[in-house]
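These protein sequence lines map, in sequence, to chains R and S. The opening residue of the first sequence carries number 1 in my numbering; numbering runs sequentially from there. The opening residue of the second sequence carries number 338 in my numbering; numbering runs sequentially from there. All C-beta atoms, glycine included, are put in the ideal place defined by N, C-alpha and C. As the structure is a computational prediction, the values presented were derived from the model and not from experiment. One structure is given here, and the rest of the page talks about it.
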Amino acid sequence: MVSLKVYIITRLLMTIPMILILLTLVFFIMRILPGDPVLAIVGMKASPEQIERIRHELGLDKDWLHQYIDYITMVFSGNLGNSMIWGRRPVINEIWDRFPATLELSIGGFIVSVILGLLTGVFSSIKQGTKTDVGLRLFSIIAYSLFIPLLGMIFQLIFGVYLRLFPVAGRKSPLISITWYTGLYTIDSLLSGSILGFFDAIWHLILPSLTLGIVLSGVYTRLVRSSMLDVLAEDFIRALRARGIPENSVLFKHALKNAFIPILTMMGLQFALLLAGAVLTETTFSWPGVGTFLMERIEYRDYTTVQGTIVFYAFLVALVSLIVDIIYAYIDPRIRY
Amino acid sequence: MMNLELLRKLWKRRRVDFILLIIGVIIVVATLLVAIFAPWIAPYNPYVSVDDALLPPGPKHPMGTDNLGRDVYSRAIYGTRTVIFVVLISTVVSLVVGTVLGLISGYFGGSIDRVLSMIMDSIYAFPGLILAIAVAAMLGPGVVNTMISISVVYIPTYFRMIRGQVLTVKSQLYVEAAVALGATNKIIILKYILPNVLPIIPVVFSMNVADAVLTEAGLSFLGLGVPAPLPDWGFDLKNGQRNLLAGYWWISTFPGILIVILAIGFSLLSEGLNELFNPSRRW
């Protein structure tokens, strides 16, 4: 058993190889796979001098080892290079402009998936072996087989086109102005005292969050159910029931709390799915986040930005897995081997 | 005879699992048949305009026509070929590469194992679709490139599973006995370890195919999958998106529903196999 501080430091050190491996993978994909980024940027008609100039500008005229060292040093000094189009802004600034949108959508999707997963999971564990249980099991299988763009489009058709209840694209209505503090419109609107802006932001968030959340909830249903069943079979639950504790309190206060550790681990793993799902959700709902940004820049062959965005994702994944592990160790001291 | 007896027992004791498995098998087999016999089933040529554009579903066109006047139903039928072809080849590649690396890593251990495991765990933690997007964006459009992008994503799945299994099997007494009797590495891996590892593959493989169907559709939806005009569900769904909000729902929804049905089919297959033959990990 070690202290939490020592655990955090060890875990932090373990993140470094992971980041290095992912960076190397990105380097390999971007530089070594066939396909010449320079030709892709300038097109086939460019003169040899032009090609040579851009190649030099990107540092692609050096050998791989030098390119690799340059790239790693650059990334670790927080520099992802400059975009190749539209004002050539630093890639990292471009990403920070879009990230709040992705974060807000991901949080929305996460909340939907957890609530839905907990409800369905707890419910099917109480109804184990009944028709309800079978039905919820089907729900879980269908939910994680759903294709995000399809679900999004069905929502757009029903709630946007036919019922006209919700907007089908974007983060806010054109007439609403929200001052930019954090980039999260729900928070910014409140900070600038605009209740209307807050509800407008929520109103725009509902369909995309539901789309993302429903698809991710299937995994939670299953996990919460099996985790709950394990806990419900334990002696202390029988003791609680024998003492006449109300069943709701037994389930939600005592059983669910103990079932939470496996669920928490899963939430960390789910983060990768959340990010991948966000790319599809953003594209379906024209949501101006990192995902739509990445796809736009792939289309314009903005090579440095594409590379930078993938690197950003790599750091994000490493960071979240680190945070989840630390929370995990904080809650359950047995983890800190 | 033995098998019939087993099936009867399963029907009696685990009826729900059995029914789910059967539904999965039916979906998968039906899709395979449609893919094989596409030219005989599809009423029209999927590549050319056969009628007015944007016709709603009706007796002549059961799923309507798209923005170019192509028959959505015929494109959906031919689309099964694309998805089955791309997904099965990519997942088999992941299976073979992942299994070989997992066997080597788990069996030999040491620094090879540490390095390989670290690499595979890192890739595994990275969002699969985004990895596939990066590879596909760099390789450019094409059927083979799409397959490469998908197979890269799933190698770690097999690696981790096989490696774990090898570690368990390796510590068994009979493997130790084989080593003591002077069996070579090759014999131990092929004769003792591999046969014990193989039974878990079908469950993971069909789960993996279900996921790969969604990844393939996702890549095509994002414009990074197989090149147009090849009939492809994800691509056709994307193609219908521009007319969706004007009320032309059929161009997108039919291919989309087929994607989901196929993914459900493989999920059910995986789940059924797991519940029936691996009773320790049940729903």
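Beta-carbon proximity list for residue i, same chain, < 8 angstroms, skipping 5 on both sides
i	result
I141/R	G218
D70/R	G59 and K62
I92/R	G78, N79, L80, G308 and F312
M338/S	Unreliable positioning characterises M338/S in this predicted model, as indicated by a pLDDT of 45, which lies under 50. The coordinate reading is nonetheless provided below. Hits under 8 angstroms: none found.
V371/S	I378, I414 and T417
R89/R	N82 and S83
L556/S	L466, A469, I470, A473, T483, S486, I487, G562 and G571
Strand pairing of residue i, partner residues [DSSP]
i	result
T402/S	D408/S
P90/R	N82/R
Closest by C-alpha distance to residue i, when choosing among the options
i	options	result
P493/S	R345/S, T417/S, G602/S and L453/S	L453/S
I263/R	I327/R, S249/R, G170/R and D133/R	I327/R
F166/R	L207/R, M14/R, S177/R and A276/R	L207/R
V358/R	M267/R, R334/R and T179/R	Because chain R spans 1 through 337 in this model, residue 358/R falls outside it and cannot be assessed.
D388/S	R407/S, V433/S, V424/S and A520/S	R407/S
L599/S	G416/S, P394/S and P383/S	G416/S
I126/R	S173/R, F260/R, R225/R and L150/R	R225/R
V546/S	I596/S, S508/S and F558/S	I596/S
P592/S	A390/S, I359/S, R412/S and S486/S	R412/S
G401/S	M455/S, T419/S and P380/S	P380/S
I588/S	E513/S, D569/S, L341/S and L606/S	D569/S
R334/R	Y300/R, D302/R, I261/R and T281/R	I261/R
R98/R	I245/R, I331/R, A46/R and G170/R	G170/R
V506/S	R352/S, Y444/S and F463/S	Y444/S
G213/R	L322/R, K172/R, G197/R and V112/R	V112/R
Exposure of residue i, with buried meaning 16 or more beta-carbon neighbours within 10 Å
i	result
Q270/R	buried
S448/S	exposed
F404/R	Because chain R spans 1 through 337 in this model, residue 404/R falls outside it and cannot be assessed.
H56/R	exposed
E52/R	exposed
P131/R	Reading off the sequence shown, one finds Lys at residue 131/R, where the question assumed Pro. Classification for K131/R: exposed.
H204/R	buried
R579/S	exposed
G584/S	exposed
Q128/R	exposed
Y181/R	exposed
A272/R	buried
I363/S	exposed
G87/R	exposed
K257/R	exposed
DSSP state of residue i mapped onto helix, strand, coil
i	result
N248/R	helix
P592/S	helix
N611/S	helix
N82/R	strand
P149/R	helix
G447/S	helix
V353/S	helix
W348/S	helix
T182/R	coil
N382/S	coil
W570/S	helix
Y415/S	helix
E234/R	coil
Residues of its chain near residue i, where Cβ-Cβ distance is below 7 angstroms and the 5 sequence neighbours each way are ignored
i	result
M153/R	T284
T436/S	Y495 and I499
A255/R	M228, V231, L232 and I237
Neighbourhood of residue i by C-beta distance below 6 angstroms, restricted to the same chain and skipping five residues each side
i	result
L106/R	Sequence check: residue 106/R is Ser here, not Leu. For S106/R, where only same-chain residues beyond five positions count, the Cβ hits under 6 angstroms are L274 and A278.
H66/R	none
A318/R	T15, M18 and I19
F147/R	none
I460/S	P493
V423/S	T483, M484 and E553
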